[in-house]
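Residue numbering for the sequence shown follows this note's numbering, starting at 7 and increasing by one per position. For every residue, glycine included, the Cβ atom is placed at its ideal position computed from N, Cα and C. Heads up, the thing below is written out as structure tokens.
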Amino acid sequence: MKRKVLIGIIFILNVVLCVSILLFVRLVTDSGVRLGRKLDLVNKYLLSLDYDKALRAFSEAIDIDPIAEDAYTGRGDTYLALGDYENAWKDYEKVREINGDNSLCENRFGRTELLVTDAQGTPLSDADISIFNDNHHYQARTDSNGVASEVICPADYHLSVRKDDYIDAEQNVKIDYQQRTIDTIVMEPSDPNAGALEALNAFAGQYSYMYGNSYSVSGRIS
């Protein structure tokens, strides 16, 4: 409860600053006057922690000016303080549509990382990752350290990991607010003998170098 109140206070201060800037720029027009009055109410509601009325006032301000990015940001921050991540995400995405700034979601939610390894704990690069539900679909690929990073709206998802020569990994995951990591995904080779064959071929390669002959291992191990 204390955490939610603290988040609310932080967002209130952000919104008050945005509203002040918005008023200064737009009060010279009739719609600006109406918008300013509406956002004055927002300040009042936020300072008294009356989030429901603040949300309604933000929505009415957006009706007056559908491209009022500060109003979308403020409403998104209010949704976020209430734990309504889906509607917060939608408002931040609307800001991106208006001004091309793609940083709000990352600033508010942070990035989530996923590590993919084999059974021995060796990181797997170039693994294709899909994280999706009915509202969102994210695509990522692991880097040389076996890590993929993405900004994800908190929700329940299905996660799918694919890589050549490995069995697809599938599982359900829950992404929490500002979650930084997902449990490591361990992938098994599609051929259960692939690891042993690789080790034997490396051993044979050493003999090839030492004795000047060509040795290799092929076939199925049983």
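{"Asked": "Residues of its chain near Glu231, where Cβ-Cβ distance is below 6 Å and the 5 sequence neighbours each way are ignored", "Found": "Residue 231 cannot be examined here, being either before or after the span of the chain that is shown, 7 to 228."}
{"Asked": "Cβ distance (whole Å) where Asp140 is taken to contact Lys169 below 8 Å", "Found": "With a Cβ gap of about 26 Å, Asp140 and Lys169 do not count as contacting."}
{"Asked": "6 Å CB neighbourhood of Tyr84 in its chain, flanking five on each side removed", "Found": "A small fix is needed here, since residue 84 is Thr in this sequence, not Tyr. Result list for Thr84: Tyr57, Ala60, Leu61, in chain order."}
{"Asked": "Exposure of Thr187, with buried meaning 16 or more beta-carbon neighbours within 10 Å", "Found": "exposed"}
{"Asked": "Beta-carbon proximity list for Ala161, same chain, < 8 Å, skipping 5 on both sides", "Found": "Tyr91, Glu92, Asn139, Asn141, His142, Lys180, Ile181"}
{"Asked": "Where Ile27 sits in the DSSP three-state scheme", "Found": "Residue confidence for Ile27 is low, a pLDDT of 45 falling below 50, so the modelled location carries little weight and cannot support an answer."}
{"Asked": "The segment 191 to 198 / the segment 153 to 160 touching (three or more Cβ pairs under 8 Å)", "Found": "no"}
{"Asked": "Those runs of the alpha helix (DSSP H) which lie wholly inside the segment 40 to 104 and span at least 4 residues", "Found": "57 to 70, 75 to 87"}
{"Asked": "Neighbourhood of Asn105 by C-beta distance below 7 Å, restricted to the same chain and skipping five residues each side", "Found": "Glu75"}
{"Asked": "Buried or exposed by the 16-neighbour rule on C-beta atoms within 10 Å, applied to Gly127", "Found": "exposed"}
{"Asked": "Integer-rounded CB distance, given that Ala63 should sit under 8 Å from Tyr51", "Found": "6 Å"}
{"Asked": "Glu112: CB within 7 Å of a non-hydrogen atom of the ligand GDP", "Found": "In terms of ligand content, the structure shown is empty, and the ligand GDP therefore cannot be addressed."}
{"Asked": "Coarse secondary structure for Leu130, derived from DSSP in three states", "Found": "coil"}
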